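So the protein sequences, as listed, match chains P and C.
Residue numbers are given in the working numbering: position 8 of the first sequence equals residue 8, and the series is strictly consecutive.
Take any residue in the second sequence, count from 1 to its spot, add 1000: that is its number in the working numbering.
All C-beta atoms, glycine included, are put in the ideal place defined by N, C-alpha and C.
This one's a predicted model, so the numbers in the text were calculated from it and none came from an experiment.
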Amino acid sequence: MAHDTAHHHESNTKRIWTVFVILSIVTLVEVVLGILKPEFLTGTSFLSMSLLNWIFIILTIYKAYYIAWSFMHLEGETKGLRRAIVWTAVFLVSYLIFILLTEGDYIYEVFKNNHVAWDF
Amino acid sequence: MEATVVRTGTEGKTWGGGNEPLKSSYGKMMMWFFIVSDALTFSGFLAAYGFSRFKFLDSWPIADEVFNHFPFLHGVDAPMYYVALMTFILIFSSVTMVLAVDAGHQLKKGKVTFYMFLTIIGGVIFLGSQAWEWKNFINGTYGAVYTNGGNVLQFIDGEGHRVALADIAVPEASVRVEHEARSGVWFESERSLPSYSIEEVKAGFAANPDLLIRTQIMTEEGEKTILSREESLAKLDSEAVGVVEGANLTRNEYGPPLFGDFFFFITGFHGFHVFSGVLINIIIFFNVILGTYERRKNYEMVEKVGLYWHFVDLVWVFVFTFFYLV
Chain P
1 MAHDTAHHHE
11 SNTKRIWTVF
21 VILSIVTLVE
31 VVLGILKPEF
41 LTGTSFLSMS
51 LLNWIFIILT
61 IYKAYYIAWS
71 FMHLEGETKG
81 LRRAIVWTAV
91 FLVSYLIFIL
101 LTEGDYIYEV
111 FKNNHVAWDF
Chain C
1001 MEATVVRTGT
1011 EGKTWGGGNE
1021 PLKSSYGKMM
1031 MWFFIVSDAL
1041 TFSGFLAAYG
1051 FSRFKFLDSW
1061 PIADEVFNHF
1071 PFLHGVDAPM
1081 YYVALMTFIL
1091 IFSSVTMVLA
1101 VDAGHQLKKG
1111 KVTFYMFLTI
1121 IGGVIFLGSQ
1131 AWEWKNFING
1141 TYGAVYTNGG
1151 NVLQFIDGEG
1161 HRVALADIAV
1171 PEASVRVEHE
1181 ARSGVWFESE
1191 RSLPSYSIEE
1201 VKAGFAANPD
1211 LLIRTQIMTE
1221 EGEKTILSRE
1231 ESLAKLDSEA
1241 VGVVEGANLT
1251 RNEYGPPLFG
1261 DFFFFITGFH
1271 GFHVFSGVLI
1281 NIIIFFNVIL
1291 GTYERRKNYE
1301 MVEKVGLYWH
1311 FVDLVWVFVF
1321 TFFYLV
């Protein structure tokens, strides 16, 4: 509550800078990988996506975790609030992604293999 | 007041509103609800982007080739350096924001003011960077021609380097004049004409045996298909219908029109969030200076605007991944 914020908060400056360093390093790794595009990562495919893209997405979620937990202070909220926020988004977004990407891939296949032309 | 309120004898107890299972203030909780719904909006946009990308899986532009500008490095191929810089700027302004919140917990007005100020500056720099990014995207670099089917054909020389329209086209005498509102019976005008007509580009292409055409179609190796000289000539002759320079909502020189549309829409929507975040930050900043929160002995407003600001950063992390990396 509002009235007790002033009391039992000691400074978290050290943690903030640690998180900043983590986020910066992860971003740097992403950029370097994106520029170099190592052959063995772009060439290998896992669950119909290249390993490099998997790495990018996992690193992104890793960054999102630190931003939400540390900067947005989700780690200090009650379990109930945290779950209401995180799981709502996670479930709805996974469903949306699943449906739309499956459908997009289906249309791609139709354009590619069937007698439907969009390139005339 | 007292007369109209029915006393139930449960005040302060669980069913009288005394129970706070989430132990969070009203304002903060509402900010979280807003953030969740806004996150779903952004997810909808990004998932729609994914849909279109999967639909055009083998003809989507390669981000490294589109976003390769850096200030003061003209003509140098600098893939992603600039967006990486923008990401750092936004992450850093997130850090100063959280430092302001931290200082607010300890009621240190001076520190809150200083960190809020840095946060606002960071936001403004980010917005400026985004404007520059848009400028490059809209103006384009090389130009291309588009076909009947709405595809884009780009030009390269023998070594595989991109060639700009200006280096290809042979200017002709009989150039069509742009139709302006003042010269017609009805006050209609047309879109500004591209610098070169398709005929000029075709003539220039035929005259220079070194030039080849690159289509949008991706090969197995993840590179764009390059046609042979004969194929290039035939393709240009039979299919090319117009010249495109840079990008607008109808066409762009990079690839499918949807690529440009989603770029404008998603980065624009995010930029609008940053813009409103800066505005709210400025309001709170002045409240801090005026001592509003000092008198309340509570800097929760800084915390709430901080939540919004971190959310904007969070969204950028995803936009960065899906537009520039994947």
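Rounded to whole angstroms, how far is the Cβ of residue i from the Cβ of residue j, which I believe are closer than 8 Å?
i, j, result
"C/Val1243", "C/Pro1194", "4 Å"
"C/Ile1089", "C/Phe1126", "5 Å"
"C/Tyr1146", "C/Arg1053", "Actually they are not in contact, since the Cβ atoms of C/Tyr1146 and C/Arg1053 sit about 20 Å apart, beyond 8 Å."
"C/Gln1216", "C/Ser1024", "Wrong, their Cβ atoms sit about 50 Å apart, outside the cutoff."
"C/Tyr1293", "C/His1105", "Actually they do not touch by this definition, with Cβ atoms about 11 Å apart."
"P/Ile58", "C/Val1036", "Contact flag wrong, Cβ pair sits at about 23 Å."
"C/Gly1385", "C/Val1170", "Residue numbering for chain C in the displayed model covers 1001 to 1326; residue 1385 of chain C lies beyond these limits and cannot be assessed."
"C/Val1288", "C/Lys1109", "7 Å"
"P/Leu52", "P/Leu33", "6 Å"
"C/Phe1269", "C/Phe1034", "Rounded, the Cβ-Cβ distance is 15 Å, inconsistent with contact."
One question on the structure: do residue i and residue j come within less than 8 Å of each other, judged by their Cβ atoms?
i, j, result
"C/Val1112", "C/Val1319", "no"
"C/Ile1282", "C/Val1305", "no"
"C/Met1080", "C/Trp1309", "no"
"C/Val1315", "C/Phe1051", "no"
"P/Ile35", "C/Asp1313", "no"
"P/Thr42", "C/Gly1123", "no"
"P/Leu74", "P/Arg82", "yes"
"C/Leu1236", "C/Leu1165", "no"
"C/Phe1072", "C/Val1083", "no"
"C/Ile1138", "C/Gly1246", "yes"
"C/Pro1257", "P/Gly80", "no"
"C/Leu1040", "P/Ala89", "yes"
"C/Thr1267", "P/Phe56", "no"
"C/Leu1085", "C/Lys1297", "no"
"C/Val1317", "P/Lys14", "no"
"C/Glu1199", "C/Glu1172", "yes"
"C/Leu1233", "C/Ala1206", "yes"
"C/Gly1140", "C/Glu1253", "yes"
"C/Pro1061", "C/Phe1311", "no"
"P/Ile100", "C/Ala1047", "For the record, residue 100 of chain P in the displayed sequence is Leu; it is not Ile. Contact flag set, yes."
"C/Phe1155", "C/Ile1226", "no"
"P/Tyr108", "C/Lys1055", "yes"
Does residue i come out as helix, strand or coil in the three-state DSSP assignment?
i, result
"C/Leu1212", "strand"
"C/Ala1144", "strand"
"C/Arg1007", "coil"
"P/Ser70", "helix"
"C/Lys966", "What the structure shows of chain C is the stretch from 1001 to 1326, and residue 966 of chain C is not part of that stretch, so it cannot be assessed."
"P/Met1", "Low per-residue confidence applies at P/Met1: pLDDT is 41, beneath 50, and the placement is therefore not dependable, though the value from the model is reported in the following sentence. Three-state result, P/Met1: coil."
"C/Ala1169", "coil"
"C/Tyr1115", "helix"
"C/Leu1193", "coil"
"C/Tyr1299", "coil"
"P/His115", "coil"
"P/Asn12", "coil"
"C/Leu1314", "helix"
"C/Lys1202", "helix"
"C/Phe1322", "helix"
"C/Gln1106", "coil"
"P/Thr78", "coil"
"C/Gly1149", "coil"
"C/Val1177", "coil"
"C/Glu1188", "coil"
"P/Lys63", "helix"
"C/Gly1291", "coil"
"C/Lys1135", "helix"
Give me whichever residues DSSP pairs with residue i in a beta bridge.
i, result
"C/Ser1330", "Beyond the ends of chain C as shown, which are 1001 and 1326, falls residue 1330 of chain C; an answer cannot be given."
"C/Phe1155", "C/Ile1213"
"C/Arg1162", "C/Ile1156"
"P/Ser50", "P/Ser45"
"C/Met1218", "C/Lys1224"
Which ranges would you report for the beta strand (DSSP E) in the stretch 1222-1286 of chain C if only whole runs of at least 3 residues count?
Runs found: 1224-1226 and 1240-1244.
Entirely enclosed alpha helix (DSSP H) segments - the stretch 1012-1088 of chain C, minimum 4 residues
For the stretch 1012-1088 of chain C, whole alpha helix (DSSP H) runs of length 4 or above, ordered along the chain, are 1026-1055 and 1063-1066.
Got a sec: which bits of the stretch 1068-1097 of chain C sit with their beta carbon under 9 Å from any beta carbon on chain D, in order along the chain? In the structure shown, chain D cannot be found, because the protein chains are P and C.
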